[in-house]
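Trainee:
Protein chains in written order, with my numbering: chain A, 38 to 150; chain B, 273 to 382.
What follows is the structure, encoded as structure tokens:
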């Protein structure tokens with residue numbers, strides 16, 4: 038299994054509070070991604086990173102920010118959580134941007150009340 | 273607009289009853305097509321990558337095939353442990369994105 042961990046695995050938070058999710062990899066892959074998965078939708082890209090301090094937006098980036106200060110760590114921050122951000126969040130890694138498969142972490146289930 | 277559609281949404285099979293899952297796509301230029309398996313409460317697990325029409329990949333009871341418009345995941349003599357959601361995704365030559373389908377939920381009954 039690819040060495041990807043996510044923390045926390047479960048979190049319940051209140052509307053308006055900031056939340057940070059962490060993704061840690063031991064594979065030294067250059068590219069890292071944050072997705073959300075909701076019923077009726079495929080995995081949707083929030084943000085991705087193509088190197089340390091290099092990040093870009095995905096298709097559902099509003100309300101989210103990211104940071105990558107080390108190759109192995111990619112953080113996703115919800116600045117002010119809303120109920121619409123209740124979801125399961127997955128981190129993924131890949132060696133290239135689009136030619137290679139992605140490997141996924143175990144996910145974080147976030148509930149915003 | 274690049275699009276991926278998976279069918280059926282759900283499929284129930286008896287153990288040993290072979291079938292196929294479909295992933296149809298419309299893209300401007302296919303870079304790669306990927307199949308994943310996802311078990312409840314877990315992240316997607318990579319199965320196959322296909323790059324060009326006519327390509328086939330096999331792993332145990334699974335075989336993935338690719339044409340210019342669709343990909344099939346054939347499941348031969350499935351077992352209950354094959355029960356999962358199977359996801360199709362693709363990348364295009366023009367963008368950075370992996371585009372995911374919504375998946376097929378497969379249930380194999382003993």
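All C-beta atoms in this analysis are idealised placements derived from N, C-alpha and C, irrespective of residue type, glycine included.
Is residue 373(B) closer than 8 Å to residue 276(B) when the C-beta atoms are compared?
Mentor: Yes, the Cβ-Cβ distance between residue 276(B) and residue 373(B) is below 8 Å.
Trainee: Could you tell me if residue 77(A) is buried or exposed, where buried requires 16 or more neighbouring beta carbons within 10 angstroms of its beta carbon?
Mentor: So residue 77(A) ends up on the exposed side.
Trainee: Let's see if you can read the secondary structure: which residues bound the beta strand (DSSP E) around residue 275(B)?
Mentor: Taken as a continuous stretch (DSSP letters only), the beta strand (DSSP E) holding residue 275(B) covers 275-279.
Trainee: With three or more beta-carbon pairs closer than 8 Å as the criterion, would you say the region 117-132 of chain A touches the region 64-83 of chain A?
Mentor: Segments in contact, yes.
Trainee: DSSP on residue 122(A), reduced to helix/strand/coil?
Mentor: It is helical.
Trainee: Go through its chain and collect everything with a Cβ distance to residue 56(A)'s Cβ below 6 Å, but skip five positions before and after it.
Mentor: Excluding positions up to five away in sequence, the list reads 50, 115, 118.
Trainee: To be precise: take each residue of the region 296-307 of chain B, compare its Cβ to all Cβ atoms of chain A, and keep it if any distance is under 7 Å. Which residues remain?
Mentor: Residues 303, 304, 306.
Trainee: So the candidates are 344(B), 354(B), 358(B); which of them puts its Cα closest to the Cα of residue 294(B)?
Mentor: Taking only the C-alpha atoms, the option nearest residue 294(B) is 344(B).
Trainee: Could you tell me the boundaries of the beta strand (DSSP E) in which residue 113(A) lies?
Mentor: Element bounds for residue 113(A): 110-115.
Trainee: Taking the C-alpha atoms as reference points, what is the distance between residue 45(A) and residue 81(A)?
Mentor: Answer to the nearest angstrom: the Cα atoms are 20 Å apart.
Trainee: Going by DSSP, what residues sit across from residue 134(A) in a beta bridge?
Mentor: The partner list for residue 134(A) (beta bridge, DSSP) is empty, contrary to what the question assumes.
Trainee: Could you have a look at residue 287(B) and say whether DSSP puts it in helix, strand or coil?
Mentor: Three-state result, residue 287(B): coil.
Trainee: Quick check on residue 78(A) - is its C-beta less than 8 Å from some C-beta in chain B?
Mentor: Yes, residue 78(A) counts as interfacial toward chain B.
Trainee: Considering only DSSP beta bridges, list what residue 379(B) is partnered with.
Mentor: DSSP, once it has assigned bridges, lists 284(B) as partnering residue 379(B).
Trainee: Just to confirm the assignment, what range does the beta strand (DSSP E) spanning residue 105(A) have?
Mentor: Where residue 105(A) is concerned, the enclosing beta strand (DSSP E) stretches over 101-107.
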